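Enquirer: A single structure is presented below for examination.
In this note's numbering, the protein residues as written are 36 to 769.
So this is what it looks like as structure tokens:
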């Protein structure tokens, strides 16, 4: 593993670190001069200076108490002891205030960063989905694993803000101490003494810097491996049932142990590296620096020609004060040296946070090309592709991301028309997002069809021919690379039903009204009687009796708001707080596959959109109830676009789009063509009754038997084929 090849860092702190940190600081953490965090930082600096000033006073008081003892002056000793207790009051308050402000500012920084990320990540541009397509090909150092994004938002932001404030305090306090104590000591031990102390710090600091490992790289690798280990365990929990069915526990255990062993190997290596460095660091900071401190503190006494006997107490006081200040300076210097590791850690965290922000802004950009990279037009040292001018990635109002291509390489795309009374595709090639962009292999080529409001379309085809990709184009999850035209209703008038059902942690009511809140539903006039009626229409009235609509029928919930509707008070409860059995439950495990699909149909009826796009919506529902559901949708006037391989659903649609592979000699086997046609009445009569449908299916099976019989006859006829052809080849020709 290459992470063991950690070289000595020639530059502990790179210039880019400060540039990246300044961008994050100015645009997110403290966006304006008179920000709330600015005032808190001013208070923090003031308390740091006040603590240093109090330390200086306490040090002088310590010397005075020592002098009182040496001179046997009981009166002054008791007086100075009272002063000592009085000084302890503001000192304790200042220490507590510094810790409080550090945590408070770190919390504010974390809040700003999380909200900033949420604004980019969870908005109408669907960044949370499109992030998986951002490859960052020209800038490999800013590649981000979408599966680890949760770690960036939850753990890395917390670590970054806490580390930033720790560095601010751990560097700020020693720096203030060094300045104040050096100025005071210069008057006591002379310029030569203070110069010797600072020279000692400088030389030993260079030695430590030369032997310091690259803690930033070590920390980044550890964070990366921890993310892989966390996500794999999360994947294990999310897919526990499927893994159990396949009896894959042995394989999963080997995999998770392999990942864990890599993490442990790196942590073991990190421990050894830290031990070697800690040995040298502790020797210099805890032995060499205090020894030099004692030497320079004794100089005024050793070379003082005044009578030692008469001034013994004064010399003791001076030595005590100088010794404490020099040791305090040594402690401040050692804390500065120790903080190098904290700064290296902050450097690694800043890289991760900056990488996350770059990727979010790339995907959020209106010209996002889904990872497309044109190497012929890319300028490595120009525009937003520059890796040297990081400050150019920031504008006055927001952080701007690197683009995957230089100016002028934006490709042409199709036209999307909104508020169309129906759905229309004109000359559209569906190309999956990839680094090749529009030059990639299309799944569907030259797709053309049109349905108007009230007309229904069924999309029919084999698995893997690109049926679901049509939904992704309609919902704008995938880009429209071609110059075609997509016409559709407004996004607010379309409801999508994906092949995989999604349910939130909440009540049964929450599953029906998702993605709306109950407060919004009440304000627009919805009530529980409407939801119960819809559940009855889809055959789920019995689960209302089993679970109830609300999560807390016994009054165990938490009221979060009270609103006025028609001059009446209505209580809004928090549906996402666990209560009894009908509360915060896992609806995926609680309901059968058919019940889950029926519940999705209830969601469709509740929202009542103009256009409903369904992807295999009834694969787990019986044929008889499938007819009931689609007959109900058709009677209620929905415009349907249905993806299904069930022939029985064709009768509920007016048009059919058949997706088939092109069998011509020069055709690409990976590309499908769409054949759009109106469903004729004669074909629909085959599905008017169950008996007619059975008869039709029997005829289709009979055709298959006839084709098999014809195949064997062709094999017999070709039995005398040219020499050299094997029976397998003959069968393939047949």
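Backbone N, C-alpha and C fix where the C-beta goes; we use that ideal spot for every residue, glycine too.
This structure is a prediction, so every number in the text was calculated from the model and none was measured.
Is there contact between the region 57-66 and the region 139-151, where contact requires at least three CB pairs shorter than 8 Å?
Expert: The region 57-66, when compared against the region 139-151, does touch it at the 8 Å Cβ threshold.
Enquirer: To the nearest angstrom, how far is it from the Cα of residue 217 to the Cα of residue 58?
Expert: Going from the Cα of residue 217 to the Cα of residue 58 covers about 34 Å.
Enquirer: How many whole angstroms separate the CB atoms of residue 651 and residue 678, which I take to be in contact at a CB cut-off of 8 Å?
Expert: Between residue 678 and residue 651 the Cβ distance is about 6 Å, and since that is below 8 Å, they are a contact.
Enquirer: Give a yes or no on contact between the region 363-376 and the region 192-210, applying the rule of three or more CB pairs nearer than 8 Å.
Expert: Yes: the two stretches touch, three or more of their Cβ pairs being nearer than 8 Å.
Enquirer: For the candidate residues 520, 693, 121, 283, whose alpha-carbon lies nearest to that of residue 450?
Expert: Selected option, being the one with the closest Cα: 520.
Enquirer: In three-state terms, what does DSSP make of residue 68?
Expert: It is coil, neither helix nor strand.
Enquirer: Buried or exposed for residue 171, please, with buried defined as at least 16 other CB atoms from any protein chain shown within 10 angstroms of its CB.
Expert: It is buried - the Cβ of residue 171 has at least 16 other Cβ atoms within 10 Å.
Enquirer: Taking C-beta to C-beta, are residue 243 and residue 319 nearer than 8 Å?
Expert: Cβ atoms of residue 243 and residue 319: closer than 8 Å.
Enquirer: If I follow the unbroken beta strand (DSSP E) through residue 479, where does it start and stop?
Expert: Segment 479-487, the beta strand (DSSP E) holding residue 479.
Enquirer: Please name the residue, chosen from 111, 236, 313, 112, that lies closest to residue 250 on a Cα-to-Cα basis.
Expert: The shortest Cα separation from residue 250 among 111, 236, 313, 112 belongs to 313.
Enquirer: CA-CA distance, residue 459 and residue 498?
Expert: Each residue's Cα considered, the two are about 23 Å apart.
Enquirer: Alpha carbon to alpha carbon, what distance is there between residue 490 and residue 167?
Expert: In a straight line, the C-alpha of residue 167 is about 35 Å away from that of residue 490.
Enquirer: Under DSSP, the beta strand (DSSP E) around residue 462 begins and ends at which residues?
Expert: That run of the beta strand (DSSP E) goes 457-465.
Enquirer: Taking buried to mean at least 16 other C-beta atoms within 10 Å of its own C-beta, is residue 550 buried or exposed?
Expert: Result: exposed.
Enquirer: Can you check which of these residues, 98, 126, 113, is closest to residue 85 by C-alpha distance?
Expert: Minimum Cα distance to residue 85 is reached at 126.
Enquirer: Start and end of the beta strand (DSSP E) containing residue 690?
Expert: Where residue 690 is concerned, the enclosing beta strand (DSSP E) stretches over 690-696.
Enquirer: Taking buried to mean at least 16 other C-beta atoms within 10 Å of its own C-beta, is residue 622 buried or exposed?
Expert: Answer is buried; the Cβ neighbour count reaches 16.
Enquirer: Report the partner residues of residue 181 according to the DSSP bridge assignment.
Expert: Residue 181 pairs with nothing; no bridge assigned.
Enquirer: Quick check on the burial criterion: 16 or more other C-beta atoms within 10 angstroms. Buried or exposed for residue 559?
Expert: By the 10 Å Cβ count, residue 559 comes out exposed.
Enquirer: Can you tell me whether residue 272 is buried or exposed? The criterion is at least 16 other CB atoms within 10 Å of its CB, across all chains shown.
Expert: So residue 272 ends up on the exposed side.
Enquirer: Below 8 Å on the Cβ atoms is my contact criterion, and I expect residue 118 with residue 96 to pass it. Report the Cβ-Cβ distance as a whole number of Å.
Expert: The Cβ separation is near 6 Å, so the contact holds.
Enquirer: Taking only the alpha-carbon atoms, compute the straight-line gap between residue 477 and residue 516 and give it to the nearest angstrom.
Expert: Using only the alpha carbons, I get a separation of about 10 Å.
Enquirer: Output yes or no for whether 8 Å exceeds the beta carbon distance between residue 541 and residue 468.
Expert: Contact flag unset, no.
Enquirer: On the DSSP letters alone, give me the boundaries of the alpha helix (DSSP H) that residue 654 sits inside.
Expert: Run containing residue 654: none; DSSP gives neither H nor E here.
Enquirer: By Cβ distance below 6 Å, which residues in the same chain neighbour residue 165 in space, the five residues on each side in sequence not counted?
Expert: So the list reads 398, once near-sequence residues are dropped.
Enquirer: Suppose contacts are defined by Cβ-Cβ distances below 8 Å. Is residue 298 in contact with residue 264 by that definition?
Expert: Going by C-beta atoms, residue 298 is nearer than 8 Å to residue 264.
Enquirer: Near residue 644, what residues of its chain come up, given a Cβ to Cβ distance below 7 Å and the 5 sequence neighbours on each side ignored?
Expert: Cβ within range, chain order: 528, 529, 530.
Enquirer: Can you tell me whether residue 688 is buried or exposed, with buried defined as 16 or more other CB within 10 angstroms of its CB?
Expert: The residue is buried, with at least 16 neighbouring Cβ atoms inside 10 Å.
Enquirer: If you run the structure through DSSP and keep just helix, strand and coil, what is residue 383?
Expert: Residue 383: helix per DSSP, three-state reduction.
Enquirer: Which of the three DSSP states is assigned to residue 413 in this structure?
Expert: At residue 413, the pLDDT of 44 sits below 50, so the modelled position is not reliable; the number obtained from the coordinates is stated separately. Residue 413 falls in the coil class under three-state DSSP.
Enquirer: Check whether the region 191-202 touches the region 135-145, taking contact to mean three or more Cβ pairs, one atom from each stretch, closer than 8 Å.
Expert: With a cut-off of 8 Å, the region 135-145 and the region 191-202 count as touching, because enough Cβ pairs lie within range.
Enquirer: Residues in the same chain with beta-carbon distance under 8 Å from residue 387, minus the five sequence neighbours each way, listed in chain order, please.
Expert: The residues are 187, 191, 195, 255, 258.
Enquirer: Looking at the secondary structure, which residues open and close the alpha helix (DSSP H) in which residue 149 lies?
Expert: It spans 109-156 - the alpha helix (DSSP H) in which residue 149 sits, taken as one unbroken run.
Enquirer: Give me, in chain order, the residues of the same chain whose beta-carbon lies closer than 8 Å to that of residue 75; leave out the 5 immediate sequence neighbours on both sides.
Expert: Excluding positions up to five away in sequence, the list reads 136, 139, 140, 143.
Enquirer: Spatial neighbours of residue 684 within its chain, please: CB distance less than 8 Å, with the 5 preceding and 5 following residues excluded, ordered by chain position.
Expert: Result list for residue 684: 493, 653, 661, 665, 677, in chain order.
Enquirer: Which residues share a DSSP beta bridge with residue 708?
Expert: In the DSSP output, where bridge partners are listed per residue, residue 708 has 480, 695.
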